[in-house]
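What follows is a single structure, written as structure tokens, with notes after it.
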Amino acid sequence: MQKRKPYALKSLTDDPLPEMVDEAIDDVQQALLEESTEKLINSIRHQSARTSVICDRSKHKAAAQTFVEEDGIYCNDSDISVGTVIKRICLNNYHRYYDVDNSMRNMVKLGANGILDLSKEASIHEGLFSEDEFTRLKKQFKPCLVDDQSVLSKNNEELRKVEQLAKSELGEARALASRCAANLKGASSTLFDFYAA
110 MQKRKPYALK SLTDDPLPEM VDEAIDDVQQ ALLEESTEKL INSIRHQSAR TSVICDRSKH
170 KAAAQTFVEE DGIYCNDSDI SVGTVIKRIC LNNYHRYYDV DNSMRNMVKL GANGILDLSK
230 EASIHEGLFS EDEFTRLKKQ FKPCLVDDQS VLSKNNEELR KVEQLAKSEL GEARALASRC
290 AANLKGASST LFDFYAA
């Protein structure tokens, strides 16, 4: 997997633009997903090598089809959870990661972390569910940081401290962001979680 350059935090202005926040969140999310996917793939390879088992495609597909994620989120009358659906897509395609298109790579990355992408109008996961099911999921799990400038303005002073500290001591900046996230709730906590990662 190609290594990315470390993400450089952009400083927020007094009147932060939503595009900057969206870009920063997308970059952090992409980096975390790539790292998690790489760890999953390496873990599976290591486990396979350790047990000296060579799986043929039929055994691999059978294992993927029997995998069950215990997330408790179901669509309509399905007995297969949403997490199971996205994890099975990941397991069925991780071994072809470098041979598939970007959309499938993103599904592998998100599936490795049990993440259903509901953040954009055109989600890569939309085709995995009926239109009605996907609409219900989007209504049930609305994003918490959608165009909410008040969250940024309310936390701007602490965010500036984290960003300033990150310029000289990244580890300390992460620790400060983690402490801030622990003392907050909701969208404010989530905002600092991105810096703490």
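Under my numbering, the letters of the sequence shown match residues 110 to 306, in that order.
Cβ coordinates follow ideal geometry from the N, Cα and C atoms, glycine included.
Inter-residue spacing [alpha-carbon to alpha-carbon] between residue i and residue j
| i | j | result |
| --- | --- | --- |
| residue 181 | residue 222 | 16 Å |
| residue 305 | residue 279 | 10 Å |
| residue 274 | residue 214 | 34 Å |
| residue 205 | residue 199 | 10 Å |
| residue 272 | residue 266 | 10 Å |
| residue 249 | residue 139 | 24 Å |
| residue 187 | residue 262 | 42 Å |
| residue 207 | residue 147 | 12 Å |
| residue 133 | residue 201 | 30 Å |
| residue 224 | residue 277 | 33 Å |
| residue 174 | residue 268 | 44 Å |
| residue 131 | residue 292 | 24 Å |
| residue 233 | residue 193 | 16 Å |
| residue 281 | residue 289 | 12 Å |
| residue 299 | residue 141 | 15 Å |
| residue 270 | residue 302 | 15 Å |
| residue 128 | residue 135 | 10 Å |
| residue 176 | residue 244 | 25 Å |
| residue 179 | residue 191 | 9 Å |
| residue 230 | residue 152 | 33 Å |
Cβ pair residue i, residue j closer than 8 Å
| i | j | result |
| --- | --- | --- |
| residue 235 | residue 184 | no |
| residue 143 | residue 218 | yes |
| residue 297 | residue 264 | yes |
| residue 195 | residue 220 | yes |
| residue 246 | residue 238 | yes |
| residue 149 | residue 203 | yes |
Three-state class that DSSP yields for residue i in the structure shown
| i | result |
| --- | --- |
| residue 190 | strand |
| residue 160 | Because the pLDDT at residue 160 is just 44, under 50, the model does not fix this residue reliably, and the value given afterwards should be weighed accordingly. If DSSP states are grouped into helix, strand and coil, residue 160 belongs with the helices. |
Secondary structure, alpha helix (DSSP H): runs of 4+ residues fully inside the segment 211-258:
211-221, 240-249
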